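Residue numbers (full-length UniProt numbering): 1 to 158. All residues carry an ideal CB built from backbone N, CA and C; glycine is no exception. A quick note: this is a predicted structure, and the numbers were derived from the prediction, not measured. Okay, structure first, notes after.
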């Protein structure tokens, strides 16, 4: 899919404010409302815009602890990985899960929980009971320095 400067501006603005009206967006990118709406629809249909979300305040919800969890598996087989991924995708505490390389872990999870007691129950009652999990290494966020939801777009050609 090819992008022009206007597409890039639309994406940049919508990443920062998904609730912007089409009229406001059109004004900001220098289009009339109908062509602007067509461009947004094309970006959505292409799969580039995957959805629109509301970001919640983790701390105000009482979710005070963020854990980064390295998971080591006993076997590196497709069925073992598939079973793990299916199981962990059902845990609402896990907000990110990636297969990683370059460290002793096979997976890196980011989990958000209320406190250390909840984390202990989550760890012992769920994570370590998943078949194939042989190691768990947890690190805890002391303070978040930066959190972005917007992806960089500078590499897209004009």
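By how many angstroms is the C-alpha of residue 127 removed from the C-alpha of residue 134? Within the chain shown, numbered from 1, the residue matching residue 134 stands at position 134. Within the chain shown, numbered from 1, the residue matching residue 127 stands at position 127. Cα to Cα, residue 134 sits roughly 10 Å from residue 127.
Excluding the 5 residues preceding and the 5 following residue 26 in the sequence, name in chain order all residues of the same chain whose CB lies nearer than 7 Å to its CB. As a working note, residue 26 is residue 26 in the chain shown. Cβ neighbours of residue 26 beyond the five flanking positions: 32, 33 and 36.
Is the stretch 109-118 in contact with the stretch 76-85, if contact means three or more CB pairs nearer than 8 Å? no
Neighbourhood of residue 132 by C-beta distance below 8 Å, restricted to the same chain and skipping five residues each side: As a first step, residue 132 must be located in the chain shown, where it is residue number 132. 73, 74, 75, 80, 83 and 84.
Classify residue 122 as buried or exposed, calling it buried when 16 or more other Cβ atoms lie within 10 Å of its own Cβ. If you number the chain shown from 1, residue 122 lands on position 122. Buried is the call here.
How do the stretch 139-155 and the stretch 3-17 stand: do at least 3 beta-carbon pairs fall below 8 Å, yes or no? yes
What did DSSP end up calling residue 13 once you bin it into helix, strand or coil? Translated into the one-based positions of the chain shown, residue 13 becomes position 13. Helix at residue 13.
Tell me which residues share the same chain as residue 50 and place their Cβ nearer than 8 Å to its Cβ, disregarding the 5 neighbours each side in the sequence. Taking the chain shown and counting its residues from 1, one reaches residue 50 at position 50. Closer than 8 Å at the Cβ level, and outside the excluded window around residue 50, lies no residue.
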